[in-house]
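A.B. asks: Shown below is the structure under consideration.
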Amino acid sequence: MADRNEPLDRIKSRRDSALAALVSGVPYMNWLGIRFDRRGDELTAVLPFDQKLIGNPMLPAIHGGVTAAFLEVAAIIELSWAAMWEDLESGRIAPDVAVPGSLPRLPKTIDFTVDYLRSGLPRDAYARARVVRSGRRYASVQVEAWQDNRARLFAQATGHFVMPQNG
Amino acid sequence: MSSDPQDGSGKTGQGGASATDGESDRARIARQFIEAIPHARALEMRVEELEDGRATISMPWAEHLVGDPRTGVVHGGVVSALMDTCCGAAVMVHPTEPRSTATIDLRIDYMRAATPGQRITARATCYHVTRNVAFLRAVALDEDSDNPVAAATGAFTLER
Chain A
1 MADRNEPLDR IKSRRDSALA ALVSGVPYMN WLGIRFDRRG DELTAVLPFD
51 QKLIGNPMLP AIHGGVTAAF LEVAAIIELS WAAMWEDLES GRIAPDVAVP
101 GSLPRLPKTI DFTVDYLRSG LPRDAYARAR VVRSGRRYAS VQVEAWQDNR
151 ARLFAQATGH FVMPQNG
Chain B
1001 MSSDPQDGSG KTGQGGASAT DGESDRARIA RQFIEAIPHA RALEMRVEEL
1051 EDGRATISMP WAEHLVGDPR TGVVHGGVVS ALMDTCCGAA VMVHPTEPRS
1101 TATIDLRIDY MRAATPGQRI TARATCYHVT RNVAFLRAVA LDEDSDNPVA
1151 AATGAFTLER
């Protein structure tokens, strides 16, 4: 059990720097502009709208491939985050952008299926992933994405992943 | 993806001799439309072939598309974007001449990592259509074209 009297700023800084380390190591996430909001261990992926994300200039609408990529990124980060949470909280690991090799390896996607429920508007998009099952080797993750209204999903996805085998 | 090459694009750009000589008007319009999509441009996609419910689109490897900095392998999302564009393009050049299309669902199987530094090429086939739905299969290849990087199956709307 974690130390109840650990200073709050130390807890927050540990979690925030671990999350930053996880996210900043991936060039493609930065290029798309994806960032993560954190409330305790709950993550929300945020995709700020940008012109280069457009797939249909007439409507306009976000590219279906961007939607798929955003959901896949959200799933992978959630899965890594959930897998490292215990080690992070107990102090067994301390991922840090400045320390190469301190980052856990990311899971590898086996397959990913996206349901397109409505077209993506030219606005910010949000996604939350849920690890449905995570074993030693394989994991199954579900993701939901929305824009203006949390209850009106514009896409959802499910994917399977191979967990990294840390020796 | 969702596209509507009949609106707004018109018959423009007689670019003279090129690899695309001999393609139909419809294919040419679709190609120009696809190459004008902001995200397709951002990924530097190039339409290689568009004919009869089939499409081939390729894109170069780039540093900023990397998903795993330890290996330099592009992120799976990049492959998704290419596959989705390619499937949508194949629908648009189906002989039933749809007015527009949008992705209903797309499943991608990642078979191996794409080799860093190599172009990725997607080939999509619209293998069946009903009145309102198109069914697609696609593969993504790098230079080792006997050994696909990824495979996809999808359902797209068919708007007539």
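Order-wise, the sequence lines are chains A and B.
Residue numbers are given in my numbering: position 60 of the first sequence equals residue 60, and the series is strictly consecutive.
Start counting at 1 in the second sequence, then tack on 1000, and there's your number in my numbering.
A virtual CB, placed ideally from N, CA and C, is assigned to each residue, including glycine.
All figures in this text were calculated on a predicted structure; none of them were measured in a lab.
1. From the DSSP output, which residues share a beta bridge with B:H1128?
2. In whole angstroms, what is the alpha-carbon distance linking B:C1086 and A:V46?
3. Check the Cβ-Cβ distances between B:I1104 and every residue of chain A, and say whether any is below 9 Å.
4. Based on the DSSP secondary-structure assignment, which residues constitute the bridge partners of B:G1154?
5. Over what stretch of residues does the beta strand (DSSP E) that includes A:D187 continue unbroken?
6. Looking only at its chain, what residues have a beta carbon closer than 8 Å to the beta carbon of A:D124, apart from the 5 residues adjacent to it on each side?
7. Can you give me the start and stop residues for the beta strand (DSSP E) that B:T1056 sits inside?
8. Contact criterion: CB-CB distance below 9 Å. Does A:T44 meet it with respect to chain B?
9. Can you tell me whether DSSP reads A:S119 as helix, strand or coil?
10. What residues of chain A sit near B:G1117, judged by a beta carbon separation below 7 Å?
11. Determine the burial state of B:A1019: buried for a count of at least 16 other Cβ atoms within 10 Å of its Cβ, exposed for fewer.
12. Return the chain-ordered list of same chain residues with a C-beta closer than 6 Å to the C-beta of B:D1007, the five sequence neighbours on each side being excluded.
13. With 9 Å set as the bound, which would you pick, yes or no: does the beta-carbon of A:V26 sit closer than that to a beta-carbon of chain B?
14. Do the region 1051 to 1065 of chain B and the region 93 to 106 of chain A make contact, defined as three or more Cβ pairs closer than 8 Å?
15. State yes or no: is the C-beta of A:G65 within less than 9 Å of the C-beta of B:H1094?
C.D. replies: Based on what the coordinates show:
1. As a beta-bridge residue in DSSP terms, B:H1128 pairs with B:F1135.
2. If I take the Cα positions, the gap works out to 26 Å.
3. Yes - at least one Cβ of chain A is within 9 Å of the one on B:I1104.
4. The beta-bridge partner set that DSSP reports for B:G1154 consists of B:L1106, B:L1136.
5. Since the first residue shown for chain A is 1 and the last is 167, residue 187 of chain A is missing from the structure and cannot be characterised.
6. If we look at A:D124 and ignore the five residues flanking it on each side, its Cβ neighbours are V46, L47, P48, F49, Q147.
7. For B:T1056, the enclosing beta strand (DSSP E) begins and ends at 1054 to 1059.
8. No - not a single Cβ of chain B is within 9 Å of the one on A:T44.
9. Residue state for A:S119 is assigned as coil, using DSSP reduced to three classes.
10. Simply none; closest approach about 15 Å.
11. Interpretation of B:A1019 is limited by its pLDDT of 46, a score under 50 that renders its predicted location unreliable; no figure is taken from the coordinates.
12. Note that B:D1007 scores a pLDDT of 40, beneath 50, so its modelled location is shaky; the value from the coordinates is reported in the next line. Closer than 6 Å at the Cβ level, and outside the excluded window around B:D1007, lies no residue.
13. Interface residue, yes.
14. Taking a cut-off of 8 Å for Cβ pairs, the region 1051 to 1065 of chain B and the region 93 to 106 of chain A do not touch, as fewer than three such pairs fall below it.
15. It is not a contact, given that the beta carbons lie outside the stated cut-off.
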